[in-house]
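Residue numbers (the numbering used here): 1263 to 1490.
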Amino acid sequence: TTRLLKPLRILLLGAPGSGKGTQTSRLLKEIPQLSSISSGDILRQEIKSESELGREAATYIVQGKLLPDVLITRLVTFRLSALTWLKPSAAWLLDGFPRTTTQALALDELLKQHDADLNLVVELDVPESVILERIENRYVHVPSGRVYNLQYNPPKIPGLDDITGEPLTKRLDDTAQVFKKRLEEYNKTNESLKKYYERSGVLSTVSGETSDIIFPKLLNLITSQFGD
Ligand code: G5P
Ligand code: MG
């Protein structure tokens, strides 16, 4: 395992299916001090529980569209505030939020009030050509956010989560058609978001065709700046 000497507050960027969730769970295993929030996982839990918010979110998600900034910002910042994450000493990882510069500004505003900041933003750069097959073979365990892939990391028992034994499901938006739309949405907002973080000097990129290639690069980047 890796020990942090400084509190890491990292955001993972990357196209749909680039492996944000996969890298997140590997980092959580490697760095025990780290906690994570995934905006997509929160939304899928809301949908599963059939809440008002879940119903509203689903209308965007099935179309591969981003939720309105106000809605998602309220949701994620509420979670952040409820945890002890706003303490300057906390180490955490964000997956899927912020996705637009408006969201990034809102988060920075909140963090500033607590003397905290985002200190690393990493873009996972994976060729679009290898991604579609990944998500067509993806199964998820909604309560935990654990992801599987029938080829790459299949569950030990088909259709069931390794840890809880509960059933796995397909995501509403993991079809070729919706995936295309999600990719378009990503490409629309990502450039200006990257520029925003480039300006504050925290942006890095790690490239690779597989998560096994990316993980050691990502870990290296983190330990070189935050580790012992
Ligand atoms: P999400 O949930 O944030 P996306 O589209 O950003 O969704 P996604 O699809 O969750 O991202 P990922 O997390 O980057 O992708 O990828 P992953 O799950 O780790 O890996 C994908 C699959 O590939 C898995 O099956 C994994 O096992 C497999 N895999 C990993 N590595 C490899 C490998 O090396 N080889 C192979 N063969 N397979 C591999 O957002 C969903 C929706 O929620 C809303 C939007 O509607 C969005 O479309 N939303 C927001 N809206 C507005 N603002 C926000 N901030 C929002 N956040 C969410
Ligand atoms: Mg994900």
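Note that beta-carbon positions come from the ideal geometry of N, C-alpha and C, so glycine has one too. Predicted model only: the values in this text are computed from it and were never measured.
Check: Quick one, are the C-beta atoms of Pro1278 and Phe1441 less than 8 Å apart?
Finding: Pro1278 is a Cβ neighbour of Phe1441, given a cutoff of 8 Å.
Notebook entry, point to check: For the candidate residues Asp1303, Leu1355, Ile1334, Leu1373, whose alpha-carbon lies nearest to that of Leu1273?
Noted result: Here the closest residue by C-alpha is Leu1355.
Notebook entry, point to check: Going straight from the alpha carbon of Arg1317 to that of Asp1490, what length do you get?
Noted result: Between the alpha carbons of Arg1317 and Asp1490 lies a gap of roughly 45 Å.
Note to self: Judging by CA-CA distance, which residue of Asp1423, Asp1357, Leu1369 is the nearest neighbour of Phe1340?
What the structure shows: If we check each option's Cα against that of Phe1340, Leu1369 comes out closest.
Margin query: If distances are taken between C-alpha atoms only, which option among Leu1289, Ile1309, Gln1285 comes closest to Thr1431?
Written below: Selected option, being the one with the closest Cα: Ile1309.
Checklist line | Reference Gly1358; option with closest CA among Ser1298, Leu1412, Glu1395 | finding: Measuring from the Cα of Gly1358, the nearest candidate turns out to be Ser1298.
Note to self: Under 8 Å, Cβ to Cβ, is there at least one residue of chain C near Lys1374?
What the structure shows: The structure shown has no chain C; it contains just one protein chain.
Notebook entry, point to check: With Arg1400 and Tyr1410 assumed to form a contact (beta carbons below 8 Å), what rounded beta-carbon distance in angstroms separates them?
Noted result: The pair is a contact, with the Cβ atoms about 7 Å apart (cut-off 8 Å).
Item checked: Sequence-distant residues of its chain with Cβ nearer than 6 Å to Thr1284 (five each side left out) -> Counting only Cβ-Cβ distances below 6 Å, and skipping sequence neighbours, we find Ser1473.
Check: Between Tyr1458 and the rest of its own chain, which residues show a CB-CB distance below 7 Å, the 5 nearest in sequence each way excluded?
Finding: For Tyr1458, where only same-chain residues beyond five positions count, the Cβ hits under 7 Å are Thr1363, Ala1366.
Check: Quick one: does the C-beta of Ser1300 sit closer than 7 Å to a heavy atom of ligand 2?
Finding: Remark: the C-beta of Ser1300 is in contact range of ligand 2, defined as less than 7 Å to any heavy atom.
Next item on the list: In angstroms with no decimal places, state the Cα-to-Cα distance between Tyr1322 and Asp1435.
Entry: Whole-angstrom Cα-Cα distance: 10 Å.
Check: When the Cα of Arg1444 is compared with those of Gly1302, Pro1416, Lys1418, His1403, which residue comes out closest?
Finding: That would be Gly1302, whose Cα lies nearest to the Cα of Arg1444.
Checklist line | Cα-Cα separation between Gly1463 and Pro1429, rounded to whole angstroms | finding: Those two C-alpha atoms are separated by around 43 Å.
Notebook entry, point to check: When you compare only the Cα positions, how much space is there between Leu1270 and Ala1353?
Noted result: Computed Cα separation, rounded: 5 Å.
Next item on the list: Please indicate yes or no: does the CB of Asn1399 lie closer than 7 Å to some heavy atom of ligand 1?
Entry: Checking every heavy atom of ligand 1 against the Cβ of Asn1399, one is found closer than 7 Å.
Note to self: Counting C-beta neighbours from all protein chains within 10 Å, is the total for Gly1407 16 or more, i.e. buried, or is it exposed?
What the structure shows: By the neighbour-count rule (16 or more Cβ atoms within 10 Å), Gly1407 is buried.
Check: Is Asp1357 near ligand 2, with its Cβ less than 7 Å from a heavy atom?
Finding: Yes, ligand 2 has a heavy atom inside 7 Å of this Cβ.
Check: Cβ atoms of Leu1481 and Thr1264: under 8 Å apart, would you say?
Finding: Annotated as proximal: Thr1264 and Leu1481, with beta-carbon spacing under 8 Å.
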